[in-house]
Structures are given as C-alpha cells and as structure tokens.
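Since the structure comes first, as structure tokens, the remarks are kept for the end.
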Amino acid sequence: MPVAARARLVLAAATSVVLVATGCSSGGGGGGSGSSDAGKTFSYQSSEPQNPLQPANANEVGGGRIIQNLFKGLVDYDPSTAKIRMQVADKIDTSDSQTFNVTLKDGWKFHDGTPVHAKNFVDAWNWGANPANNQINSSWFSDIEGYQDVHPAGGKPASDKMSGLTVTDDLHFTVKLSHKVSYFEYKLGYIAFSPLPDGFFKDPAGYGQKPVGNGPYQFVSWSHNTEVVTKTFPDYQGVDKPKNGGIVFKMYTTSEAAYADLQSSNLDVMDQVPPSALANYKNDLGDRAIDAPQGAIQNIGFTLYQGDWSSPDKAKVRQGLSMAIDRDVITKTVLQGSRKPATAWVAEGVEGYKDGACGDFCKFDPARAKQLIQDGGGVPGNKLLITYNADGGHKEWVDAVCNSIRQNTGVDCLGDPKPDFKAARAAITSHQLNGAFRTGWVQDYPLNANFLSDVYRTGAASNDFGYSNAQFDDAATKADEAASVADTVSGYQQAEAVLPSGMPAIPLWYYRTNSGYSTKVQNVKFDSFGNPAWTQVEVKG
Amino acid sequence: MGRFVARRLLQMIPVFLGTTALIFFMVHLLPGDPLAALWGDKAPDPVQLAALRHQQHFDEPLIQQYLDYMGGLFTGDFGKALDGRPVLDKITEALPVTVQLALLAFGFEIVLGIGIGLFAGLRRGKVFDKSALVFTLLLISIPVPVLGFLFQTIFGINLKWVKPTVQDSTDITQLVLPAIVLGSLSLAYVARLTRTSIAENIKADYVRTAVAKGLPRRRVIGTHLLRNSLIPVVTFLGTDLGALMGGAIVTEGIFNVQGVGHALYQAINMKEGATVSGFVAFLVIVYLAAGLIVDLLYAVLDPRIRYA
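These protein sequence lines map, in sequence, to chains F and X.
Position in the first sequence (from 1) plus 6 gives the number in my numbering.
Position in the second sequence (from 1) plus 564 gives the number in my numbering.
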C-alpha cells in the first residue's frame with residue numbers, strides 16, 4: 007500500500023508544544039492479564055474513509071482498515087509471523103505458477119446470510135477490474151488473463167469478464183494469469199480480492215455506504231466524521247475467531263487528540279502516537295506502550311533518468327552519499343527511536359528479508375564516503391537537493407541527513423520542500439526533479455517481491471527513478487517463474503543483490519509502530535502492516 | 565434605515581460573487597493533482613484517472629467548470645466532493661457544530677469580557693483593574709494551541725473533570741472546554757477595549773450631566789456610559805464572529821471537534837474545489853451578515869448615528 011500521507015494530519019503536530027508531555031502519566035496499572043468479556047467492543051483511532059466502503063476502492067488507511075475487518079479474502083497473513091494462511095480458501099494449487107486452482111471451504115456466509123461461493127469472488131474481481139466502476143485498486147487484477155479486454159489502456163472495453171476466471175462449481179474456480187507469478191497467492195490477501203455478496207451488484211453505491219461482507223465483523227452504522235460501528239459476526243468461519251464484541255472506529259482529526267483520549271481511556275487502541283509524544287509515550291503508558299516493527303521502508307531516490315545522474319560512474323557517488331549518512335544517530339535523536347536503520351531494500355520482518363543486503367554501503371564511514379564520491383566524479387555541481395513533501399513530518403530528518411552529508415563529505419546538501427504530498431508526487435512522476443527525492447514503500451503483502459518488483463523493475467509502476475538494469479530484470483523474471491514461493495523468495499534475494507552496484511535508491515530506515523492501548527483492553531499486538539491483531543484484542547470484563 | 569439595509573444587501577451580491585470566484589480559481593492554482601493523489605505513492609491507472617477526471621468535469625475548460633458550479637449553486641446544488649458525497653451534506657454536518665462552538669465562545673467572551681472590562685474601567689488604577697490587565701496580558705501572550713493543550717492536560721487527563729476531547733461533536737455540553745479556549749484570546753481583547761472605552765467616557769460631559777441630573781448610578785452606567793462605550797467593542801465582536809466560525813481549525817484539531825475548520829482544512833489539502841468554495845460561500849455570508857448587524861447596532865448604541 008502506498009504511504010497514505012493524505013490521511014495523516016500534521017497541522018496540530020506542527021504547533022504542539024513540549025508542554026503537553028510534562029507530568030501526565032496516567033496511572034491505572036498496566037495491561038496485565040485479567041478476565042475479559044467477549045461481548046464488549048473496543049474503540050480504535052481512525053480517519054474518515056475517503057471513498058465508499060468497497061473493497062477494490064480503498065487504498066488509504068481510513069477505509070482500508072474498516073474493510074479488512076468487514077471482509078475476508080481467500081487468504082490473509084498471520085499477524086504474529088506475517089506468513090500466509092488460508093481463510094476462505096481451503097487450498098490454492100498450481101503446477102505451473104500460471105493457472106491456480108482454488109478450492110473454497112464450505113460454510114462461509116456473508117453478513118446477510120447468503121453463502122460465499124466461487125462466483126462471489128469471480129464477480130467481485132470482474133466488477134473491480136471494470137473501469138466503468140471507478141475502482142482505485144483495479145490494477146491489482148492486471149495479472150489475470152483477459153484484464154486487457156476488460157480494462158484496456160484506451161478505447162472501449164471488449165468484455166466485462168476476464169477470460170482467466172472460470173467458475174467450476176460453487177466451491178471451485180480457476181484463475182489463469184497472463185504470465186507466471188509464482189507468488190500470486192500472496193497478492194490474494196489484499197483487500198481488493200475480497201468476495202462480494204450478490205446483492206452488491208444491484209446497488210454498489212448503497213452497499214458502499216452500508217457494506218455487507220464475510221469478515222469477522224459486520225457493519226452496524228457509519229456516522230460520517232464521527233464513527234463507524236461494527237459488531238462481531240457470529241457465523242464467522244475464519245481461523246481467527248474474535249475475542250471481543252466488535253470494533254468502533256472513532257474518527258480523529260489529529261493524533262494528538264487521539265493520544266489525549268488514549269491516556270484517559272476514552273480511546274482503547276491507537277494507530278501511531280503523535281510525534282510530540284514519541285519521547286515520552288513509553289513513560290506515559292508503561293507496559294501498555296507498543297514498539298513493533300512495520301513492513302515499510304524510507305528511501306532517498308535518485309533521478310537516474312536525468313543527464314547528470316545517468317552515467318554508470320555516478321553509482322559510486324550514490325554509494326558514497328549513502329555511507330555519509332549516520333543512520334544510527336539520526337534514528338535515535340531526530341526520529342526519537344521511531345525508525346530502525348536499514349541494511350537492505352526490503353523491510354525487516356518481510357518474508358525474504360535479508361539483513362545486510364546493502365552491505366558496507368549502508369554503514370556509516372565518512373572516509374570511504376568521501377573517496378567514493380571523488381572516484382565517481384563528485385555530485386553534479388557539488389550540490390544535492392532532496393525533494394520531499396512538507397506536510398508529512400519529513401523536514402527534520404531530511405535536514406539531518408543533509409547535515410550528515412555536508413559535514414562528512416563537503417557536498418552542499420539542501421532539503422527541497424514541496425507544499426504537500428500531491429505536489430511532491432506530481433514533481434516526481436513528471437520527472438521534473440534534478441537530484442534526489444524522498445520515497446518510501448509500505449508493503450502490500452509481506453513478501454520481498456513486493457519491495458523489489460514493484461519498485462526497481464524497468465518500467466515498474468513505482469519506479470520513479472528511471473532505473474533499468476537487465477541483470478535485475480532477469481533475476482526478477484526468473485523469480486516470478488519459479489516453481490514455489492520459497493524459490494521466488496531466493497530469486498528475489500538474488501535480484502536485490504544487484505541493487506548495491508547501481509544504488510538507484512539509498513535505504514534509510516524501517517518504520518516502526520509506536521503506539522499504545524488503554525487500561526480497558528489487553529492482548530493488543532501489532533502486525534507488520536501496523537494494524538493490531540483485531541480479533542485477538544480482549545476487552546476487560 | 566430600510567434603504568440602508570437594502571443597499572447593503574445589494575452590495576453583498578458582488579462581494580459574494582467575487583469571493584467565491586476568487587476561491588474557486590485559487591483552489592485550482594494549488595499545486596498537484598487531487599485525483600492522481602488518490603493512488604498515493606503508486607502510479608495512477610491512466611484509464612481510471614481519465615474516467616475520474618471526466619466524472620469530476622476536470623477535463624472541461626476551467627471557466628466552464630466555474631459557470632457550471634455557479635449555476636448549480638443558485639439552484640441549491642453545491643456539487644459533489646471527491647468521495648462522492650454531496651458537498652451540502654458535508655456543510656450541514658459541520659456547520660451546526662461550528663456554529664454551536666462559535667456561539668458558545670462568543671457568549672463566553674461577551675459576558676466575561678465586557679464584565680471584566682466594565683469593572684476594571686470603573687475602578688481604574690485599583691487592584692481589580694491591575695489584576696485584570698495582568699490576566700488579559702497573559703491570555704494575549706499565550707498562543708491558543710498552548711492554552712488548548714494545557715487545559716486538555718490539566719482538566720482532561722490529570723483532573724479528569726471532563727473528557728480530554730469531544731466524543732460527540734453535536735453535544736453542546738462537551739463543547740464548553742474548547743469554547744473557553746477558543747474565546748479566551750478575544751476575551752482579553754474585549755475586556756481591554758471595554759476598559760479603555762469606559763475609562764475614557766466616564767469623564768465625558770454626558771456622564772457628568774447624567775450624574776448631575778441625579779440619575780441612579782445603575783442608570784448612568786447601564787444606559788449612558790456602557791452603551792456609548794460599546795461601539796469599538798461591537799466593531800471588534802462583529803469581525804470576531806466571522807473569525808470564530810472559520811478560524812477555529814487549531815482548537816478543533818486539539819479537541820477533535822468535527823467542524824468547519826477541520827472540513828475546510830481537509831478539503832484544501834485534497835484540493836477539492838467544490839467543497840472549499842461551498843464552505844467559503846457560507847463563511848462569506850456569515851461575515852457579511854455580521855458586518856451588517858454591527859453597522860445597525862451602531863445606530864442602536866449611539867443616538868447620534870442615523871442611517872438615512
């Protein structure tokens with residue numbers, strides 16, 4: 007999922023003062039285990055969904071979190087291990103990594119009582135791929151054969167059904183892809199692949215306001231800008247039976263407000279503590295504080311498409327710049343421990359993560375940094391501009407990175423703020439930059455392929471660098487055609503090993519979930535998506 | 565009087581048209597593409613993007629978009645936001661909340677501000693006056709966000725007298741704390757304006773005459789002194805009401821009030837022309853109406869002012 011900067015409001019963060027943090031440790035013991043009441047609901051900090059609640063239309067956190075609780079796809083990821091596990095699917099078989107035979111479990115039901123059958127998946131995917139329905143996530147279906155007919159690059163669609171999807175009977179269907187993707191089942195955990203009940207297709211707009219899914223929680227009400235209320239679905243068949251009575255998603259305008267509510271137990275679980283509380287939240291919350299790894303990485307990308315940076319020599323300069331950044335100090339001081347220094351292009355905890363893939367180039371070594379930059383012919387104009395969006399709280403670390411580069415190499419480095427996320431993205435995608443820019447990747451699914459194929463392949467949708475390396479592309483293609491996910495993973499590790507030599511992007515650090523919970527709940531654990539294990543939260547009796 | 569009001573109402577039309585046009589085009593000038601931003605860090609799907617652009621009429625010339633928008637406005641259609649919900653729904657959700665909050669803050673600053681100002685002005689140089697000056701100076705020098713977080717921490721988290729944030733924005737009792745924070749700065753101004761005005765007018769001839777006539781002190785202060793002294797205060801309050809309605813964004817953020825400030829901030833952030841223009845159109849009307857009421861109040865307060 008892309009870094010949803012739009013959902014995070016930073017206005018109050020900018021004006022908040024350290025004053026708040028003084029003397030406000032709310033007492034009331036920790037989250038020790040006690041009796042819990044499976045009928046009670048808990049509240050979670052949310053933001054108003056920006057689109058109707060349709061699975062293929064939510065790619066921002068506000069709507070996405072709600073939908074992943076209302077719907078359940080063929081597979082999902084175990085919150086503690088990030089490994090894939092079967093949910094609606096009984097098994098997914100493939101012999102050639104291109105045709106997948108899906109067998110569903112019997113007995114799954116939608117919240118309206120209708121059964122979850124193979125056609126509910128096929129119809130939902132066809133509907134999501136259809137451009138007439140304006141679904142943001144439609145490109146997720148692009149691996150499926152016939153996607154081009156339903157969703158052509160131009161002109162009228164030739165069909166409204168993807169030819170690769172065939173329903174065999176109520177509990178079986180096959181998915182044929184247009185090319186080999188050995189890890190396709192990993193993608194199936196994304197919410198866009200959720201099934202939809204038959205009623206949905208008659209009134210998509212109405213169902214977008216009052217969604218009917220097959221997930222652990224069913225929709226109760228949505229009062230705009232205030233809350234979305236859900237309750238436990240008694241007929242839920244998944245492996246993760248809810249231990250609570252439901253989730254109330256409370257809309258907050260700022261994380262400061264949410265944090266104040268959390269401290270006084272008016273809010274049970276929050277998303278991420280505000281920057282102003284980072285220094286003190288562990289003191290404030292005691293053993294109710296959470297510090298967990300997240301499958302997300304922050305990078306500095308380079309404009310390889312642009313004359314000054316395109317020559318192969320400049321890879322040395324980028325390696326040198328990377329070695330001039332003191333990641334340890336910056337993550338501890340400026341970022342207050344909310345990030346962990348990166349040693350690879352794949353985030354920690356992701357299947358296939360290889361510690362140290364970046365090698366020495368991600369280690370702080372000013373002497374070698376200087377030498378490498380010199381060997382590469384120096385930074386063009388001896389000046390580096392790092393473009394970032396000023397509305398995402400990036401200024402502090404960009405300045406720190408620049409200071410680190412300036413002090414250690416003598417290269418003049420400056421932050422180049424764009425007013426907001428939209429403006430920065432527009433400048434990046436239209437290739438209007440000269441030098442470096444902030445970039446990042448949040449996992450769509452916890453597999454290394456997602457961090458590599460979608461970002462560094464020639465012409466990949468998020469390859470904003472213009473990076474093109476035949477060796478990398480070959481390794482990635484070979485990995486996609488592998489016979490098993492295990493082979494895919496090691497194939498992509500080989501592809502990742504190509505990156506240090508060209509250094510299209512400098513890995514900086516991995517994100518962490520810095521959060522906490524109230525005195526009313528227990529057993530709150532966060533997964534690598536930065537979400538709590540929803541169904542496992544226990545509300546104290 | 566009637567002609568004056570009619571003329572002022574007519575003057576509102578060009579002001580209204582001008583401000584909405586200005587806002588509409590200014591939102592368009594904001595950098596970035598709001599539709600492409602829906603895809604976040606990912607490259608937008610070109611087919612979908614073109615379809616959305618068409619749906620939002622972004623593919624038409626700007627002037628055509630503006631004419632369509634204004635045409636809709638006069639038939640009561642405020643257009644649709646990017647999330648597909650009618651802008652009017654958003655306005656009718658947020659506006660009552662902000663009106664409640666603003667009126668609470670307004671009432672708070674009027675009652676307390678004029679009260680403090682009156683007593684301080686009458687007892688100029690005494691202990692009450694001196695402490696009122698120090699108190700208001702303190703309010704003026706503390707930025708609103710600091711005061712907001714301070715009150716939230718003290719009353720919400722430490723003392724637990726109130727919930728630190730507003731749980732239900734439509735419940736007026738929960739809006740009291742944010743209203744106090746919101747009104748505190750203006751309270752200081754109102755108190756100081758009133759004090760100075762009273763202290764000045766207390767030496768005026770008409771007050772001496774009133775006292776010499778043997779009028780009771782109550783009547784001298786209430787009818788003659790206070791009424792005449794309120795003119796600068798009313799001028800300030802008129803503009804302040806408009807500011808309270810549109811400018812409560814920081815306070816709304818701290819206390820999680822889902823009002824106009826927050827809605828407007830989000831809409832600007834997402835470059836939603838229709839939503840921003842819709843809210844601003846309402847705010848312009850509030851401003852203009854407040855201005856008119858202030859002018860009419862002049863005549864009520866000061867018998868020397870007459871509108872022909």
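Ideal Cβ placement from N, Cα and C applies to all residues, glycine included.
Bridge partners of Phe-532/F according to DSSP: Pro-538/F.
For Gly-358/F, DSSP assigns no beta-bridge partner whatsoever. Along the segment 383 to 417 of chain F, going in chain order, the ones with a CB nearer than 9 Å to a CB of chain X are Asp-397. Less than 8 Å separates the beta-carbon of Ala-95/F from that of Thr-109/F. Secondary structure at Tyr-498/F: helix, using DSSP grouped into helix, strand and coil.
Of the residues assessed, Gln-104/F falls on the buried side of the cut-off, its CB having 16 or more other CB atoms within 10 angstroms. Shortest Cα-Cα distance from Ala-266/F to any of Asp-290/F, Pro-85/F, Lys-247/F and Asp-246/F involves Asp-290/F. Taking a C-beta distance under 8 Å as the contact criterion, Lys-288/F and Asp-381/F do not qualify as a contact pair. Among the CB atoms of chain F, one or more fall inside 8 Å of the CB of Lys-835/X.
In terms of CA proximity to Val-81/F, Met-92/F leads the group Asp-493/F, Ala-489/F and Met-92/F.
Contact between the segment 268 to 277 of chain F and the segment 822 to 830 of chain X is absent, with fewer than three C-beta pairs closer than 8 Å. With its beta carbon less than 8 Å from one in chain F, Gly-596/X belongs to the interface. Between the segment 147 to 163 of chain F and the segment 64 to 77 of chain F there are fewer than three inter-stretch CB-CB distances shorter than 8 Å, so the stretches are not counted as touching. The beta carbon of Ile-704/X sits no closer than 8 Å to any beta carbon of chain F. Taking every protein chain shown into account, the CB of Ala-776/X has fewer than 16 other CB atoms within 10 angstroms, so this residue is exposed. Near chain F, meaning a CB-to-CB distance below 8 Å, the residues of the segment 724 to 744 of chain X are Lys-724, Lys-727, Pro-728, Thr-729, Gln-731, Asp-732 and Ser-733.
Between Val-844/X and the set Glu-836/X, Arg-572/X, Thr-584/X and Val-579/X, the nearest pair of CA atoms involves Thr-584/X. Leu-573/X sits in a helix when the DSSP states are folded into three classes. CA-CA distance, Glu-624/X to Ala-614/X, rounds to 12 Å. Just measuring C-alpha positions, the residue of Gln-60/F, Ala-466/F and Tyr-498/F sitting nearest Asn-143/F is Gln-60/F.
Closest in C-alpha terms to Thr-393/F, from the list Asp-366/F, Pro-423/F, Val-448/F and Ser-507/F, comes Pro-423/F. Nearest C-alpha to Val-569/X among Ile-857/X, Ala-607/X, Ala-838/X and Asn-765/X: Ile-857/X. When Cβ pairs closer than 8 Å are counted between the two stretches, the segment 180 to 193 of chain F is seen not to touch the segment 113 to 120 of chain F, the count staying below three.
At least one C-beta of chain F is nearer than 8 Å to the C-beta of Glu-816/X.
Here Ala-442/F is bridged, per DSSP, to Phe-308/F and Ile-392/F.
Apart from sequence neighbours up to five positions away, the residues of its chain that approach Ala-488/F with a beta-carbon distance below 6 Å are Ser-188, Thr-494 and Gly-497, ordered along the chain. Spanning the alpha carbons of Ala-539/F and Gln-278/F requires a straight line of approximately 15 Å. DSSP places Gly-421/F inside the beta strand (DSSP E), whose first and last residues are 418 to 424.
DSSP, reduced to helix, strand and coil, places Met-92/F within a strand of the structure shown. In this structure, DSSP gives Gln-243/F a state outside helix and strand, which the three-state scheme calls coil. Put simply, the segment 431 to 439 of chain F touches the segment 594 to 605 of chain X. At least three CB pairs are less than 8 Å apart. With fewer than 16 neighbouring CB atoms inside 10 Å of its own CB, Ile-577/X falls in the exposed class.
Judged by their CB atoms, Leu-391/F and Gly-441/F are nearer to each other than the 8 Å cut-off. Under the Cβ distance rule, Met-257/F counts among the residues neighbouring chain X, one pair being separated by less than 8 Å.
In the displayed model, Phe-699/X falls within a helix according to three-state DSSP.
For Asp-267/F, the C-beta contacts it makes with chain X under 7 Å involve Pro-728 and Thr-729, in order along the chain.
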